[in-house]
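Some notes on the structure that comes next.
There are 2 protein chains.
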Amino acid sequence: MTSTCPLCRPVDEDVLYLTDLYRVISVNDPAWPGFCRVILNKHAAEMSDLSIDERSTLMQAVYAVGAALRELMLPSKINLASLGNVVPHVHWHVIPRWENDSHFPDPIWANAKREWLAKPTFDRDSLIEHLRLSLNQRFASEENINPGLRSL
Amino acid sequence: MTSTCPLCRPVDEDVLYLTDLYRVISVNDPAWPGFCRVILNKHAAEMSDLSIDERSTLMQAVYAVGAALRELMLPSKINLASLGNVVPHVHWHVIPRWENDSHFPDPIWANAKREWLAKPTFDRDSLIEHLRLSLNQRFASEENINPGLRSL
C-alpha cells in the first residue's frame, strides 16, 4: 500500500467478486454499461512485477469477467486494457463494446464518432446482481486450484 | 484463417519471435518507438475463445515483451491492450510510454496533449535486434514447458 494511491484505498466500489489477490468491480459510468475493472489488491505497477502465479490468477479473473459480460450483454467485442498511466497500480479495464456505440471501432479513449442510438438499456442493480452470480458460478469449479478465492 | 482477416495473412511484418501459437512483431510507427504486438496465429476473436493453455502461453509472451521493453528502453509505463474492434483477431498491443510523451497520461488513442519534446531516439534496426535477442534469452529457459516454441 502506498499512501497516495487511490487503488490502495478503495472508496465506494461496487465489488462483484473478491479474493485475497484481486477484486472485480463494476464501474459506475453511464456512458459504458457493463464496464468492469479487475484490480490487484496489493500495490504493483506492472504485470511483469507480479509472480507467474499472480499474473495467471489475475488474468483468469479478467477472462471470466469478459465471458460473463459476453453472456449477459451480448456485446460485439470485449476490450481489455491495462494502462495505469494515471494510477500506476495494476488494474484491468474490461469493456463491452457494440458496433453502434459512440466510439466503435475506436477505443473508448478516442473522440466519439457518433451519438449512440438504440443504446442497450441494462438496469445497473440487476446487471450487478447477475454479474456477481455469474462470476461466483464461474469460479466455483476452480476453488480447488485457487484456495485463496473468497466469494462475496 | 478467414479470407478477409489481415492478421490471418500477414504482410511485411517485422517478426521478433515466432512460435506455433503466436508471433511477436515490432510495429513500424515512428510516433511510438518500441510499440510491439503479440498476434495469435490462428483466427479467434476473444481471449475467452482460447483454451486456458493458449491464453497462458500468449500472455507469457505479452509479459516478456513488456519486460524486454522496460529493460531496453526504460519507459515510465507499459500499456497493454487487446481491443480488436477493427480487426477481431486476438492481438495484444504492448506500448512503452514516457511521462513526457505526446499523450501521457492518456492512452495513445486519445488526442495528443502536447508535442513530445526530448523524445528518446532509438535506432529501429538496433532496437529490433536487441528485442529479438532479449526475447530469445527470456524464452530459452522456458522451452521445456513450451515445446512449441520456435525462435527465429
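In order, the protein sequences belong to chains A and B. The first sequence begins at 1 in the working numbering and counts up by one. The second sequence begins at 153 in the working numbering and counts up by one. Even glycine gets a Cβ: it sits at the ideal position worked out from N, Cα and C. In this text the structure is predicted, and so the values were computed from the model without any measurement.
(message) Using beta carbons (cut-off 8 Å, strictly below), is residue 55 of chain A in contact with chain B?
(response) If you number the first sequence from 1, residue 55 of chain A lands on position 55. For residue 55 of chain A, the answer is yes, since a Cβ of chain B falls inside 8 Å of its Cβ.
(message) Which of the three DSSP states is assigned to residue 133 of chain A in this structure?
(response) The sequence position of residue 133 of chain A within the first sequence is 133, counting from 1. Residue 133 of chain A falls in the helix class under three-state DSSP.
(message) Please return the same chain residues whose Cβ sits closer than 7 Å to the Cβ of residue 29 of chain A, not counting the five positions on each side in sequence.
(response) Reading the first sequence from its first residue, position 29 is the one you call residue 29 of chain A. The answer, listed in chain order, is 35.
(message) Distance check for residue 277 of chain B and residue 105 of chain A, CA to CA, integer angstroms please.
(response) Counting from one through the first sequence, the residue named residue 105 of chain A turns up at place 105. Counting from one through the second sequence, the residue named residue 277 of chain B turns up at place 125. If you take the alpha carbons of residue 105 of chain A and residue 277 of chain B, they lie about 32 Å apart.
(request) Quick one: using the 10 Å Cβ neighbour count with 16 as the cut-off for buried, is residue 289 of chain B buried or exposed? (result) Counted from its first residue, the second sequence places residue 289 of chain B at position 137. Exposed, by the Cβ-count rule.
(message) Using 8 Å as the cut-off, can you tell me whether the segment 67-87 of chain A makes contact with the segment 205-224 of chain B, which would need three or more C-beta pairs spanning the two stretches below that distance?
(response) no
(message) Can you find the residues in the same chain that come closer than 8 Å, C-beta to C-beta, to residue 45 of chain A, ignoring five residues on each side of it along the sequence?
(response) Working through the first sequence from its first residue, we reach residue 45 of chain A at position 45. 84, 88, 89, 90, listed in sequence order.
(request) Would you be able to state if there are at least three C-beta pairs under 8 Å between the segment 109-119 of chain A and the segment 40-54 of chain A? (result) no
(request) Classify residue 96 of chain A as buried or exposed, calling it buried when 16 or more other Cβ atoms lie within 10 Å of its own Cβ. (result) Numbered from 1 along the first sequence, position 96 holds the residue referred to as residue 96 of chain A. Classification for residue 96 of chain A: buried.
(request) In angstroms with no decimal places, state the Cα-to-Cα distance between residue 116 of chain A and residue 100 of chain A. (result) Here residue 116 of chain A refers to the residue found at position 116 when the first sequence is read from its first residue. Here residue 100 of chain A refers to the residue found at position 100 when the first sequence is read from its first residue. Cα to Cα, residue 116 of chain A sits roughly 6 Å from residue 100 of chain A.
(request) Give the DSSP-derived three-state secondary structure of residue 303 of chain B in the structure shown. (result) In the second sequence, the residue the question calls residue 303 of chain B occupies position 151. Confidence at residue 303 of chain B is low in this model, with a pLDDT of 46, below 50, so the placement of that residue should be treated as unreliable; the coordinate-derived value is given next. Residue 303 of chain B: coil per DSSP, three-state reduction.
(message) Looking only at its chain, what residues have a beta carbon closer than 6 Å to the beta carbon of residue 75 of chain A, apart from the 5 residues adjacent to it on each side?
(response) Looking up residue 75 of chain A in the first sequence gives position 75. Same-chain partners within the cutoff: 96, 97, 98.
(message) DSSP three-state label for residue 9 of chain A, please.
(response) Residue numbering aside, residue 9 of chain A sits at position 9 when the first sequence is read from its first letter. Looking at residue 9 of chain A - three-state DSSP - the assignment turns out to be coil, as it is neither helix nor strand.
(message) For a contact defined as C-beta to C-beta under 8 Å, what are the partners of residue 109 of chain A on chain B?
(response) Here the question's residue 109 of chain A lines up with position 109 in the first sequence. What residue 109 of chain A touches in chain B: 258, 259, 261, 262.
(message) Going by C-alpha to C-alpha distance, which of B:172, B:170, B:173, B:190 sits closest to residue 119 of chain B?
(response) Chain B is shown only over 153 to 304; residue 119 of chain B falls outside these bounds and no answer can be derived.
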